[in-house]
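The opening position of the sequence shown corresponds to residue 304 in the numbering used here, with each subsequent residue numbered one higher. Cβ atoms here follow ideal geometry from the backbone N, Cα and C, with glycine treated the same way. Please read the structure below before turning to the comments.
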Amino acid sequence: MPASYSLSVEQVSRPVLPHGTGLLTCVFLSSLLTAQTQVGRPEPLDAIYTARYIVTMDPSRRLIENGAVAVRGDSIVAVGRRSDIDKQYQARQRLDRPDAILMPGLINTHTHAAMSLLRGIADDLTLQEWLTKYIFPAEAKNVTPDFVLWGTRLACLEMMLSGTTTFVDMYYFEDRVAQAAKEAGMRGVLGDRRFAQIHRGLYPAIQERPAHCGHRSAARHLHEQR
Ligand SMILES: [Zn+2]
304 MPASYSLSVE QVSRPVLPHG TGLLTCVFLS SLLTAQTQVG RPEPLDAIYT ARYIVTMDPS
364 RRLIENGAVA VRGDSIVAVG RRSDIDKQYQ ARQRLDRPDA ILMPGLINTH THAAMSLLRG
424 IADDLTLQEW LTKYIFPAEA KNVTPDFVLW GTRLACLEMM LSGTTTFVDM YYFEDRVAQA
484 AKEAGMRGVL GDRRFAQIHR GLYPAIQERP AHCGHRSAAR HLHEQR
């Protein structure tokens, strides 16, 4: 059995298995048997993505040069050297990026995404001056559910362009932030209660809304632990 063959079998079984269970052995053997019958016959897949470097977040933090990622449906079924993946799989779709880095998505842990629409209204000031003289008054005049929806849509596009796939947001009308995140296919940890508490009195529209927040502790933590 060539080294590349055994490497691929191990990786196919790893992502779907709880460690330390009988299932592990069972599915691993089943994969092994299935793979053994397919030597010389590449397994069909939905997609193979290749890149100069694959950055993994597995326990050994492997960095794979000339690597590839094999995908079936919405699951990664194997990560390894391009030559190994190409031997074992044949995909309906393929994307080769010989100069690129392929890595897990970045996580932005502190956003007020809709504020992308306020970009540039005042710069080079202290935080307090910037907030109290420019941002708070601008928000009081402009922040509405539609403002948040469109501002977050813009922010999601910009985040995805730089490789961010998850963001932790705390602003107003977080249901609209959720809508924009869902449209973009991004993952969001969203909560607006803390902001509503901080700025009570500034925004009549917000005062009328019941606080709704699935992750209010995230917003509280990020604004109080400084
Ligand atoms: Zn903040």
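Residue i and residue j closer than 7 Å at C-beta
i      : j      : result
Tyr356 : Leu398 : no
Leu464 : Ala481 : no
Leu348 : Arg375 : yes
Leu409 : Thr467 : yes
Thr455 : Ala416 : yes
Ala350 : Ala394 : yes
Leu421 : Ala443 : no
Ser419 : Leu457 : yes
DSSP state of residue i mapped onto helix, strand, coil
i      : result
Asp449 : helix
Leu332 : The predicted position of Leu332 is uncertain, since its pLDDT is 33 and thus under 50; no value can be drawn from it.
Asp361 : coil
Asp495 : coil
Gly454 : helix
Arg490 : strand
Asp295 : In this structure the chain extends from 304 to 529, so residue 295 is not present and cannot be described.
Cα-Cα separation, residue i to residue j
i      : j      : result
Ala550 : Arg490 : The displayed coordinates of the chain run from 304 to 529. Any statement about residue 550 would go beyond what the structure contains.
Arg365 : Tyr437 : 47 Å
Asn369 : Ile424 : 45 Å
Pro345 : Arg400 : 22 Å
Asp377 : Pro407 : 14 Å
Ser363 : Asn411 : 24 Å
Ala381 : Ala371 : 8 Å
Val358 : Thr414 : 25 Å
Asp495 : Glu477 : 6 Å
Gly488 : Ile367 : 27 Å
Asp427 : Trp433 : 8 Å
Val471 : Leu430 : 21 Å
Pro305 : Met473 : Because Pro305 sits at a pLDDT of 33, beneath the cut-off of 50, its placement in the model cannot be relied upon, and the following sentence gives the value as read from the coordinates. The straight-line gap from Cα to Cα measures roughly 52 Å.
Leu320 : Phe439 : Here Leu320 scores only 31 on pLDDT, less than 50, and its place in the model should not be relied on; the value that follows carries that caveat. One C-alpha to the other measures close to 50 Å.
Quick check on the DSSP output: what are the complete beta strand (DSSP E) runs of length 3 or more inside the stretch 384-445, in order along the chain? 392-405 and 409-414
Any 3 or more C-beta pairs closer than 8 Å across the stretch 448-462 and the stretch 389-398: no
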